[in-house]
Each structure stands twice: as structure tokens, then as C-alpha cells.
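**Student:**
Numbering (the working numbering), first residue to last: 31 to 162.
#1: Alpha carbons only, please: which of 145, 120, 81 is nearest the one belonging to residue 111?
#2: Taking DSSP as the reference, what is the three-state secondary structure of residue 57?
#3: May I ask you to report which of helix, strand or coil DSSP gives residue 65?
#4: Quick one: residues in its chain with C-beta nearer than 7 Å to the C-beta of residue 64, no 5 flanking neighbours on either side, listed in chain order?
#5: Using the Cα positions of residue 49 and residue 39, report the straight-line distance between them to the nearest angstrom.
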């Protein structure tokens, strides 16, 4: 089984929204063969709590407007260090850089196929990498 077209569409919209708010290390995995509860995970990080919230807000807004999607569950918003948005088809993790490094979710899903992200996301990542 592979992620549905709808799931891939949601991942790409969310990734573009995250990149627009300067999230780092944006990665998406097709976890549909490993999990029955969702098709894909999107992981990204931000340098501070305020930026985590800004990334989350932008993702929610873009998915609502462009895909008529609303999260069925939202966790961690109060602390602003690791926010999980559950859209059933996809689960989005926006983490503070420190939490991202500590929990290293990529290790858990590294055997799953990556979902290709839009060129605009890759461009933003390249520009941010060059600026550092």
C-alpha cells in the first residue's frame, strides 16, 4: 500500500506552508505500509516556541483554505515545543529544534519511503542553508 493522492497533496501543501514560515529540516515519509492509522508523516522544526506556533498556524490555514482539511486532533500547542496535528490521512509534527534532535523521529521512520516535496520547499531549504 502507498499513501493516497490526497495524503500526498496534504503533505505538499503543509510542507510549502512550513517552508513559508522558515521551518527547517522538512521531511515527509510514506508510513502507510507500517501504520494503519495514517498514510504519511511530515516532520519539521523551528528555532523557538514562537516560530513553532507560526509554522503550525500557517499549516492549518493553508490546509483549511487549499484542501478544506481541518485537524481532528491537536496536541502540544500550549507548550509550543512539539505540536502534533492529526489530519487522519497525515500527521504533522512541528518540533522545537532541541526536541527534534533529542527525539530524532527520523530514526523511527528512516526505512519508509520519503515523499517528494515541492521544489519551492527545496529552494527555501537551500537558501536557508546558504545563509547560515
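The beta-carbon is built from N, C-alpha and C at its ideal position, and this holds for glycine as well.
Keep in mind that this is a model prediction, so the values were computed, not measured.
**Tutor:** Taking the geometry as given:
#1: Residue mapping note: residue 111 aligns to position 81 of the chain shown, counting from 1. For the residues 145, 120, 81, the minimum Cα distance to residue 111 belongs to 81.
#2: For this step, residue 57 is matched to residue 27 along the chain shown. Note: residue 57 maps to strand in three-state DSSP.
#3: Position 35 of the chain shown, counted from the first residue, corresponds to residue 65. In this structure, residue 65 counts as coil in the three-state DSSP scheme.
#4: Along the chain shown, one-based indexing puts residue 64 at 34. Contacts found: 142.
#5: If you number the chain shown from 1, residue 49 lands on position 19. If you number the chain shown from 1, residue 39 lands on position 9. Near 15 Å, if we compare the C-alpha coordinates of residue 39 and residue 49.
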